[in-house]
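Take a look at the structure below.
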Amino acid sequence: MKNKLTTETIRQNIPDNSTLLDYLQNSLTKSQKRELEEWITDDRMVGDAVEGLQLMKNFNEINEIDRSLSLMIDKKVSKKKRKILQPIRFPLWMTLLITTTLLAILVGYILIRMLNN
Amino acid sequence: MTPMHQQESDQSLLQRYREAGEAESLGILLKRYSLMVLGVCMKYLKNSDDAKDATQQVFEKTIAEVHKYEIPFFKSWIYSVARNHCLMMIRSNGVKKRKTEEIPEELISPDLNYQEIQSKEIAIMSQEKALLNAINDLSEEQSTCINMFYLQKMSYQEIQQKTGYDFQQVKSYIQNGKRNLRILLEKKFRENEK
Chain R
0 MKNKLTTETI RQNIPDNSTL LDYLQNSLTK SQKRELEEWI TDDRMVGDAV
50 EGLQLMKNFN EINEIDRSLS LMIDKKVSKK KRKILQPIRF PLWMTLLITT
100 TLLAILVGYI LIRMLNN
Chain X
0 MTPMHQQESD QSLLQRYREA GEAESLGILL KRYSLMVLGV CMKYLKNSDD
50 AKDATQQVFE KTIAEVHKYE IPFFKSWIYS VARNHCLMMI RSNGVKKRKT
100 EEIPEELISP DLNYQEIQSK EIAIMSQEKA LLNAINDLSE EQSTCINMFY
150 LQKMSYQEIQ QKTGYDFQQV KSYIQNGKRN LRILLEKKFR ENEK
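Written out as structure tokens, the structure is:
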């Protein structure tokens, strides 16, 4: 195990899930634990989160909830993806109908203008 | 989902989602915060089922509304959303085990700009000498915890074992001790200026 929390963890500005779980199970090294506890003290969100997770105590429950949250996120996000990326497709007959109608309006307009002149 | 995506910053993932419509970036971002948000909800709701429901609702809200807001700092934003959601649940009696009288004071207080607080705290921590003098003016519990954590470099667990306080008390004494130190130091600096 590394002595320091990963650069990745630090770059993300929050401890990653595995670091949090390791802390709760007391399996971080002394220096990693120190680093995380300074974080807990200085950062309100991290402090609140660890305090809350400490109340759960049952790691299996935390893992189970985390898994179900991941599934929920995947499901919701994939729906969002379909919503965002799905192009609007008209059936051919509707496209032809709209085009013909627009052309008829345009031709009618031009004819009326010419007759008036 | 590539490892490169996993290493991207919050802002970069958010930008990818907003500008290119890459929904998977939003997924990575939310999964990154899953335990953090669960923990925050658990802290305020004190019940794992309620906390799980609240976390799901926070994420659903985030997925539905994230494109509507300018979010300069995602972490602060989602923290605010989670806290406000828990507060709303408590106030609407959605959480029966908790009465409104029990809402923690810090939850009601509007100071969510904790980046600012943090930077002030960091600046204050650099004034080590003045800090050491001020520690003695704190309450006994705060002084003990601050001493053990910062000067003796003890872990939360060791402090708990030595003092008999639980995790929440140790965290609270250290955080409140730091805040009170700031107040004491600011007062002292003002007096020195006069």
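Each protein sequence line maps, in turn, to chains R and X. In terms of numbering that gives the first Met the number 0, the first sequence opens at residue 0 and continues consecutively. In terms of numbering that gives the first Met the number 0, the second sequence opens at residue 0 and continues consecutively. Every residue, glycine too, gets a C-beta built ideally from N, C-alpha and C.
Min CB distance R/G51 to chain X below 8 Å: Counted from its first residue, the first sequence places residue 51 of chain R at position 52. Answer yes: the Cβ-Cβ gap between R/G51 and chain X drops below 8 Å somewhere.
Environment of R/E63 [buried if 16+ CB atoms lie within 10 Å]: Here the question's residue 63 of chain R lines up with position 64 in the first sequence. Label assigned to R/E63: exposed.
Cutoff 8 Å; reference X/L164; Cβ partners in own chain excluding five residues on either side: Here the question's residue 164 of chain X lines up with position 165 in the second sequence. A quick correction: the sequence has Tyr, not Leu, at residue 164 of chain X. Excluding sequence neighbours, X/Y164 sits near E140, C144, I158 and Y172.
Supposed close pair R/F58, R/L20 - CB separation, criterion 8 Å: Counted from its first residue, the first sequence places residue 58 of chain R at position 59. Counted from its first residue, the first sequence places residue 20 of chain R at position 21. Confirmed, Cβ separation roughly 7 Å.
Option in X/L13, X/K170 and X/D49 with minimal Cα separation from X/L86: Position 87 of the second sequence holds residue 86 of chain X. For the residues X/L13, X/K170 and X/D49, the minimum Cα distance to X/L86 belongs to X/D49.
CB-CB length for R/I39 against X/Y32, believed under 8 Å: Against the first sequence, residue 39 of chain R aligns to sequence position 40. Against the second sequence, residue 32 of chain X aligns to sequence position 33. Between X/Y32 and R/I39 the Cβ distance is about 16 Å, and since that is not below 8 Å, they are no contact.
CB contact flag (X/L37, X/I62, <8 Å): For this step, residue 37 of chain X is matched to residue 38 along the second sequence. For this step, residue 62 of chain X is matched to residue 63 along the second sequence. No; because the gap between Cβ atoms is not below 8 Å, this pair is not in contact.
Proximity winner among X/I77, X/K170, X/F148 and X/R178, relative to X/H136 (alpha-carbon distances): Indexing the second sequence from 1 puts residue 136 of chain X at position 137. Correcting the residue type first, residue 136 of chain X is Asp in the shown sequence and not His. If we check each option's Cα against that of X/D136, X/R178 comes out closest.
Reduced DSSP category for R/R43 - H, G, I as helix; E, B as strand; rest coil: Position 44 of the first sequence, counted from the first residue, corresponds to residue 43 of chain R. Helix at R/R43.
Rounded distance between the beta-carbons of X/A22 and R/S77, thought under 8 Å: For the purposes of this step, residue 77 of chain R is taken as residue 78 along the first sequence, with counting starting at 1. For the purposes of this step, residue 22 of chain X is taken as residue 23 along the second sequence, with counting starting at 1. Correct: roughly 7 Å between the Cβ atoms.
Status (buried if at least 16 other CB within 10 Å, exposed otherwise) for R/N25: Looking up residue 25 of chain R in the first sequence gives position 26. Flag for R/N25 reads exposed.
Minimum Cβ-Cβ distance from R/S26 to chain X less than 8 Å: Position 27 of the first sequence, counting from 1, holds the residue named residue 26 of chain R. So, not an interface residue.
Chain-ordered residues of the stretch 169 to 181 of chain X with a beta carbon less than 8 Å from chain R: Under the 8 Å Cβ criterion, the stretch 169 to 181 of chain X contributes K170, I173, Q174 and K177.
Beta carbon of R/K45 nearer than 8 Å to that of R/Y22: The residue labelled residue 45 of chain R in the question sits at position 46 within the first sequence. The residue labelled residue 22 of chain R in the question sits at position 23 within the first sequence. Correcting the residue identity first, residue 45 of chain R is Val in this sequence and not Lys. Not a contact, by the Cβ cut-off of 8 Å.
Where the alpha helix (DSSP H) through X/M185 begins and ends: As a first step, residue 185 of chain X is located in the second sequence; it is residue number 186 there, counting from the start. Looking at the sequence provided, one finds Glu at residue 185 of chain X rather than Met. First-last of the alpha helix (DSSP H) with X/E185: F166 to E192.
8 Å CB neighbourhood of X/T54 in its chain, flanking five on each side removed: Along the second sequence, one-based indexing puts residue 54 of chain X at 55. Same-chain partners within the cutoff: S33, V36, L37, C40 and A81.
Simplified DSSP state of X/S11, which is helix, strand or coil: Position 12 of the second sequence, counted from the start, is the residue given in the question as residue 11 of chain X. Correct three-state label for X/S11: helix.
Closer than 8 Å to chain R by CB, X/G26: The sequence position of residue 26 of chain X within the second sequence is 27, counting from 1. Answer yes: the Cβ-Cβ gap between X/G26 and chain R drops below 8 Å somewhere.
Amino acids of chain X, ordered along the chain, whose beta-carbon sits closer than 8 Å to that of R/L19: Counted from its first residue, the first sequence places residue 19 of chain R at position 20. Neighbours of R/L19 on chain X, chain order: L34, M35 and G38.
Distance CB(X/F73)-CB(X/D9) smaller than 8 Å: Reading the second sequence from its first residue, position 74 is the one you call residue 73 of chain X. Reading the second sequence from its first residue, position 10 is the one you call residue 9 of chain X. Yes.
Beta carbon of X/H66 nearer than 8 Å to that of X/R17: Position 67 of the second sequence holds residue 66 of chain X. Position 18 of the second sequence holds residue 17 of chain X. Cβ distance < 8 Å, so X/H66 and X/R17 count as in contact.
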